[in-house]
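> The following block contains the structure, expressed as C-alpha cells.
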Amino acid sequence: DSRLPKDLVHSCESRQNNLFDKFMKVKRNIYESRNNNNYFSSHSEGIILEEISEKDEIIGLGQANSISPGVIFAIVSPWRPNLAGRIAAQAVRLFSETKGETAAYIGASKDSTGAIWLDMSDEELMISDWRVPGSRYPIEQGNIKIFPVDPSKNLAIKNDDDFLQIIKQLVKEQSYTVIDFAGDIMLVEKIIKEKRLVVLVILPGVDPVEYKTSLYWFNNIKMDKENIIAGIDIRGSAEKITDNSIDVKIVIKNSPADALLNALKAKVNDSRTFIWV
C-alpha cells in the first residue's frame, strides 16, 4: 500500500524474505533426510501392541495383506474422514457374517462416523461414546461389538493409552477388529509397527493437491510393508487422476460399501480369511 511508510514496507518485506528463506532451509533439510533414509523415521517405528510368537504370526497373517481372525483391519482416509467410517462399517458387517466368528468396530478419531453408518441412533451415541467416562459401551448388534464415538461432540482422544488398551483387549476377545481412523494419519502411525495390522489408505483421486499430499504420506509409511495398501476414491469428477506408481486394491466409483464388497472376498477354501481380488 503506497500510503504506508517506506520503512514499514521495507521491514515487512524483509521479514517475509526471512520467513521464505527459513521455509526453504527446512524443505532442503527434509529432502536431505529423506535421501539419507531418515525421513519421518520417528513415526515409522510405531508401537507394538503385544508380542506375537512365530506360530501366531503364521496363523494370523497368512498373506501379508489378507484379513483373518486375529488381524486388525484399519481404515484411514486423509481429507475425507467420513469415507473411512463408511468402509469400516461395511467391513465389520462383512466379517460378522462369517460363521462362528465375532467382530468389533472402534472409532479411533473424533471424526469417526462408522457407528452412525452402523445405524446407531443419536440417543445411543450420546450415552455410549467410549471416550467419555461413565458411558455405556460396547453396544452389541448381533455378534458385532461397537465402541462408538460421537463426532458431534468434537472431543479429541486425550489419552492414547486408553485407545491402545481397548485394541489389545479386542484382539484377544474378537475374531476381527476394525478400526475407523477417519482422517487421523498421526494416530495410524502410532500402531504402524503392529504385526497383525492391515491398513487401508483411501486416497482422494479427484483433487490433485489432496491426492499429492495423501500419496506423499502413504509412500512414507508404506516403504516396503505389504500390509499397508491403497484404495482410491474417484467419485465426483469426469477428470480422474491416473497413477500407475501404486497398486490400488479398491477403487470407489459409486458406493464405498459396494466397492469394498467387490474388492475383499472370502477365500474359497477358507471362509475365515479375506483376500483382495
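Taking the working numbering, the leading residue of the sequence shown gets 13, the next gets one more, and so forth. Every residue, glycine too, gets a C-beta built ideally from N, C-alpha and C.
#1: Based on Cα-Cα distance, which residue from I99, P81 and G82 lies nearest to A269?
#2: So L182 and I118 are supposed to be a Cβ contact under 8 angstroms. How far apart are they, rounded?
#3: Taking S257 and L199 to be in contact with their CB atoms under 8 angstroms, please state how far apart those CB atoms are, rounded to whole angstroms.
#4: Would you mind sorting R148 into buried or exposed? The rule is 16 or more other CB atoms within 10 Å of its CB.
#5: Is it right to say G146 is buried, meaning 16 or more other beta carbons lie within 10 angstroms of its own, or is it exposed?
#6: May I ask you to verify whether the stretch 227–244 touches the stretch 105–113, counting CB pairs closer than 8 angstroms and requiring at least 3?
#7: Does the beta-carbon distance from D192 to G97 come in below 8 angstroms?
#8: Looking only at its chain, what residues have a beta carbon closer than 8 angstroms to the beta carbon of E152, apart from the 5 residues adjacent to it on each side?
#9: Who does Y117 pair with in a DSSP beta bridge?
#10: Taking Cβ positions, are K265 and I287 nearer each other than 8 angstroms?
#11: How about G243 and L209: do their beta carbons lie closer than 8 angstroms?
#12: What's the gap between the Cα of R284 and the Cα of E238?
#13: In angstroms, rounded to a whole number, what distance separates the CA positions of F337 and A115?
#14: Please report how far the alpha carbon of T110 lies from the alpha carbon of P90, in whole angstroms.
#15: In the DSSP assignment, what are the bridge partners of L276?
#16: Report the three-state DSSP secondary structure of N94 (helix, strand or coil).
#17: In the DSSP assignment, what residue or residues form a beta bridge with L215?
#18: Can you tell me which of L137, E113, R92 and D172 puts its alpha carbon nearest to the alpha carbon of E201?
#19: Tell me which same chain residues have a C-beta within less than 7 angstroms of the C-beta of G126, skipping the five on either side of it?
#20: Would you call the CB atoms of D134 and P160 closer than 8 angstroms?
#21: With a CB to CB cut of under 7 angstroms and the five nearest residues on each side skipped, what residues in its chain are close to K165?
#22: Any idea what DSSP makes of D173, helix, strand or coil?
#23: Buried or exposed for P220, going by 16 or more other Cβ atoms inside 10 Å?
#24: When you compare the CB positions of A168 and D123, do they come within less than 8 angstroms of one another, or not?
#25: Taking 7 angstroms as the limit between beta carbons, can you name the residues of its chain near D162, skipping five residues before and five after?
#26: What separation, rounded to the nearest whole angstrom, lies between the Cα atoms of I241 and A275?
#27: For V260, I'd like the list of residues in its chain whose CB is within less than 7 angstroms of its CB, leaving aside the five on either flank, ordered along the chain.
Let me lay it out:
#1: The sequence position of residue 269 within the sequence shown is 257, counting from 1. For the residues I99, P81 and G82, the minimum Cα distance to A269 belongs to I99.
#2: For the purposes of this step, residue 182 is identified with residue 170 of the sequence shown, where counting begins at 1. For the purposes of this step, residue 118 is identified with residue 106 of the sequence shown, where counting begins at 1. Right, the Cβ-Cβ distance comes to about 7 angstroms (below 8 angstroms), so this counts as a contact.
#3: Your numbering for residue 257 matches position 245 in the sequence shown. Your numbering for residue 199 matches position 187 in the sequence shown. Wrong, their Cβ atoms sit about 26 angstroms apart, outside the cutoff.
#4: For the purposes of this step, residue 148 is identified with residue 136 of the sequence shown, where counting begins at 1. A residue is called buried once 16 or more other Cβ atoms fall within 10 Å of its Cβ, and R148, having fewer, is exposed.
#5: Residue numbering aside, residue 146 sits at position 134 when the sequence shown is read from its first letter. That one is exposed.
#6: These segments do not touch.
#7: Here residue 192 is taken as the residue at index 180 of the sequence shown, counted from 1. Here residue 97 is taken as the residue at index 85 of the sequence shown, counted from 1. Going by C-beta atoms, D192 is nearer than 8 angstroms to G97.
#8: Walking along the sequence shown from the start, residue 152 turns up at place 140. For E152, where only same-chain residues beyond five positions count, the Cβ hits under 8 angstroms are I158.
#9: By one-based count along the sequence shown, residue 117 stands at place 105. Y117 is bridged to I158 and V190.
#10: Here residue 265 refers to the residue found at position 253 when the sequence shown is read from its first residue. Here residue 287 refers to the residue found at position 275 when the sequence shown is read from its first residue. In this structure, I287 does not lie closer than 8 angstroms to K265 by Cβ.
#11: In the sequence shown, the residue the question calls residue 243 occupies position 231. In the sequence shown, the residue the question calls residue 209 occupies position 197. Cβ atoms of G243 and L209: not closer than 8 angstroms.
#12: Within the sequence shown, residue 284 is the residue found at index 272, counting from 1. Within the sequence shown, residue 238 is the residue found at index 226, counting from 1. Rounded to the nearest angstrom, the gap between the Cα atoms of R284 and E238 is 20 angstroms.
#13: Nothing about residue 337 can be reported from this structure: the residues present for the chain run from 13 to 289 only.
#14: Walking along the sequence shown from the start, residue 110 turns up at place 98. Walking along the sequence shown from the start, residue 90 turns up at place 78. Roughly 30 angstroms between the two C-alpha positions.
#15: Along the sequence shown, read from residue 1 onward, the residue named residue 276 stands at position 264. L276 pairs with W288.
#16: One-based indexing of the sequence shown puts residue 94 at position 82. N94: helix per DSSP, three-state reduction.
#17: Position 203 of the sequence shown, counted from the start, is the residue given in the question as residue 215. Per DSSP, the beta bridge partners of L215 are I244.
#18: Taking the sequence shown and counting its residues from 1, one reaches residue 201 at position 189. When each option's Cα is compared against that of E201, the closest is D172.
#19: For the purposes of this step, residue 126 is taken as residue 114 along the sequence shown, with counting starting at 1. The residues are G97, A100, A101, Y117, G119 and D192.
#20: Taking the sequence shown and counting its residues from 1, one reaches residue 134 at position 122. Taking the sequence shown and counting its residues from 1, one reaches residue 160 at position 148. No, the pair does not count as a contact, with Cβ atoms beyond the cut-off.
#21: Against the sequence shown, residue 165 aligns to sequence position 153. The answer, listed in chain order, is D141.
#22: Indexing the sequence shown from 1 puts residue 173 at position 161. D173 falls in the helix class under three-state DSSP.
#23: Taking the sequence shown and counting its residues from 1, the one referred to as residue 220 is at position 208. Residue burial is scored here from C-beta neighbours: P220 has fewer than 16 other C-beta atoms within 10 angstroms and is therefore classed as exposed.
#24: The sequence position of residue 168 within the sequence shown is 156, counting from 1. The sequence position of residue 123 within the sequence shown is 111, counting from 1. Note that the C-beta distance between A168 and D123 is not below 8 angstroms.
#25: Residue numbering aside, residue 162 sits at position 150 when the sequence shown is read from its first letter. The answer, listed in chain order, is L137, M138 and D141.
#26: Position 229 of the sequence shown, counting from 1, holds the residue named residue 241. Position 263 of the sequence shown, counting from 1, holds the residue named residue 275. So the two alpha carbons sit approximately 12 angstroms from each other.
#27: Residue mapping note: residue 260 aligns to position 248 of the sequence shown, counting from 1. Once the five neighbours on either side are set aside, the close Cβ partners of V260 are A242, G243 and I244.
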